[in-house]
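>
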Amino acid sequence: MIPFEMAHHGLELFSDHLGQETVEVVAINCTDLTRIICYPELGSPAGDFPNLKALTVYISEDDPELGGLSRLLRTRDLQFIHLEKWIGPHTMRHNYRVLSGKLLPYIRAHQNLRALVLDLAGCGNPLPEEGEEEELLWPRLKALYLHCADDQWLLQLFKFKELQIFKLLGRRFASSFDNSRFRTAAVAKCKHLRVVEIPILSLFDHNDNNHGMNFLMDIVRGCPLLQRLSLPWVTGYFTRKMKEPLLFDLLSVLPRLEVLELGMDFWVYGTELQDLAHHCPRLTFLDLNGAKLYVSLAQMSGTLPFRQLEFVRFKQILFKKPGYLMQEANFQTLATEWSRIFPKLRTTPCLAEFELDNDPSDGSEEDGASVRGDEKPSFPDADDDGTNSDWQSVRSKLWEALSYVEADEYASEKFQHMWQTNFEIETIGWPVLSSEAFTYTWPHSFPPRGYC
1 MIPFEMAHHG LELFSDHLGQ ETVEVVAINC TDLTRIICYP ELGSPAGDFP
51 NLKALTVYIS EDDPELGGLS RLLRTRDLQF IHLEKWIGPH TMRHNYRVLS
101 GKLLPYIRAH QNLRALVLDL AGCGNPLPEE GEEEELLWPR LKALYLHCAD
151 DQWLLQLFKF KELQIFKLLG RRFASSFDNS RFRTAAVAKC KHLRVVEIPI
201 LSLFDHNDNN HGMNFLMDIV RGCPLLQRLS LPWVTGYFTR KMKEPLLFDL
251 LSVLPRLEVL ELGMDFWVYG TELQDLAHHC PRLTFLDLNG AKLYVSLAQM
301 SGTLPFRQLE FVRFKQILFK KPGYLMQEAN FQTLATEWSR IFPKLRTTPC
351 LAEFELDNDP SDGSEEDGAS VRGDEKPSFP DADDDGTNSD WQSVRSKLWE
401 ALSYVEADEY ASEKFQHMWQ TNFEIETIGW PVLSSEAFTY TWPHSFPPRG
451 YC
């Protein structure tokens with residue numbers, strides 16, 4: 001079932017299916033749910049989904065009627081609960097804590113819960129209130145999605161012994177996760193986590209440039225089973241000062257990793273590419289959209305192939321001694337080696353040249369990597385005689401020789417959505433369908449294989 005209001009469908013179109021015993025999964029607007037459960041005389045048959053297992057409710061009203069939702073939460077033994085505040089054209093952004101306060105007592109009673117998604121700003125206190133019976137909180141919980149990093153919830157993470165997915169859902173600074181030791185320890189204690197997604201990771205420490213790295217290392221060391229690590233926006237003082245190799249320290253302890261998204265500025269060297277191929281053979285998706293790769297032909301010849309890797313994105317790729325590589329025989333070797341290392345890649349693995357030229361976030365004054373024309377950047381290898389135009393020529397010629405196409409604008413979102421959906425079905429039985437899956441469909445569609 002779908003949220004009718006978002007899809008501009010009337011409830012009457014689906015009335016024959018409402019409330020039937022065969023229905024196990026419902027995704028619906030809160031008002032329509034109350035109409036079905038509490039007011040069957042308004043045009044829909046009586047029914048309260050007796051075999052319901054998974055419930056998704058989108059709440060678009062400022063003062064919603066919670067009768068239908070409350071009744072199902074009280075009377076059904078649910079394994080999947082997803083509550084989302086959908087911001088419609090006439091919705092005011094308030095009343096969130098009131099909603100969570102009303103509903104959490106009912107949610108706490110679901111001892112067979114596998115997945116809980118609370119996309120409500122202000123998720124409330126998960127612990128029983130005074131006077132409520134103390135019980136082990138959701139002993140079978142495998143997936144927890146929260147709108148924001150609420151400390152009351154983070155304190156409970158380690159108690160979920162089967163937790164495999166932890167995601168923050170909020171946009172902008174609602175989802176900001178800072179590098180306090182308390183929050184680091186809260187995530188690192190979850191030894192069975194296989195997915196961690198934090199939209200905004202703030203690593204501010206002006207006195208210790210390594211503290212931000214220590215924060216990341218604490219998480220990856222504590223969660224060795226990670227298959228997906230998504231940190232699309234990493235901010236902080238240390239990111240501009242970091243000189244030591246990053247990928248080896250992070251990924252040498254994550255042999256099961258399949259999806260990595262890391263949104264921060266740093267250099268990736270050819271030796272790290274070798275380490276990555278060695279330590280993460282299952283990698284299928286690599287999005288380092290703020291990183292610059294610097295690699296030589298000799299380093300490429302010693303790199304194992306990424307046999308599963310289908311999507312790669314760097315900010316910039318720079319080949320050592322580009323003038324030498326433009327010679328025909330050397331260029332053929334370059335193309336052969338690149339194809340061997342990335343046999344499944346079909347799209348350009350870095351930003352287009354016009355995107356680099358117009359990137360306002362590029363620190364050209366600091367690292368020199370985006371200078372124009374024939375200027376020589378200040379680069380890690382002092383003996384490199386390449387200029388920016390030389391590097392651009394090699395890249396353009398290589399992508400053309402390999403018949404690469406420009407990646408779709410939403411390639412990263414599509415690939416991760418596809419991977420995450422499959423993982424959710426495998427782990428908890430049902431996918432998490434946000435309201436954007438119905439109102440902003442393009443990034444949530446599955447890409448053709450090989451053409452993200």
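Numbering (the working numbering), first residue to last: 1 to 452. Just so you know, even glycine gets a beta-carbon here, dropped at the ideal spot from N, CA and C.
Out of L345, A149, H110, F158, which one is the CA nearest neighbour of A121?
A149
> Under 7 Å from any heavy atom of the ligand SAM, does the C-beta of C123 make it?
Questions concerning the ligand SAM fall outside what the structure shown contains, since it holds no ligand whatsoever.
> Could you spell out where the alpha helix (DSSP H) holding R35 opens and where it closes?
30-38
> Is I36 closer than 8 Å to G68 when the C-beta atoms are compared?
yes
> Just how far apart, CA to CA, sit T284 and V312?
Straight-line Cα distance between these residues: approximately 9 Å.
> With burial defined as no fewer than 16 other Cβ atoms inside 10 Å of the residue's Cβ, what is the status of T441: buried or exposed?
exposed
> Buried or exposed for I219, please, with buried defined as at least 16 other CB atoms from any protein chain shown within 10 angstroms of its CB.
buried
> Do G270 and N289 count as a contact pair if the criterion is CB distance below 8 Å?
no
> Is it right to say L398 is buried, meaning 16 or more other beta carbons lie within 10 angstroms of its own, or is it exposed?
buried
> My guess is that L78 and L103 are in contact by the Cβ rule of under 8 Å, so how many angstroms apart are they, rounded?
Not quite, the Cβ-Cβ distance comes to about 12 Å (not below 8 Å), so this is no contact.
> For A27 versus I428, is the C-beta spacing smaller than 8 Å?
no
> Under the DSSP definition of a beta bridge, which residues are partnered with H453?
The chain is shown only over 1 to 452; residue 453 falls outside these bounds and no answer can be derived.
> Scan the region 243-321 and note each continuous alpha helix (DSSP H) run of 4 residues or more that stays entirely inside, going in chain order.
The qualifying runs are 247-251, 270-279, 297-301.
> Tell me the rounded alpha-carbon separation between L155 and V196.
Between the alpha carbons of L155 and V196 lies a gap of roughly 16 Å.
> Whose C-beta lies closer than 8 Å to the C-beta of V405 among residues of the same chain, with five residues either side of it excluded?
R346, T347, T348, Y451
> Identify, in the order they occur along the chain, each residue of the same chain with its Cβ nearer than 6 Å to the Cβ of G222, setting aside the five sequence neighbours on each side.
A188
> Nearest to L257 by alpha carbon, out of H417, R282, D275, W338?
R282
> From L402 to L433, what distance separates their C-alpha atoms?
37 Å
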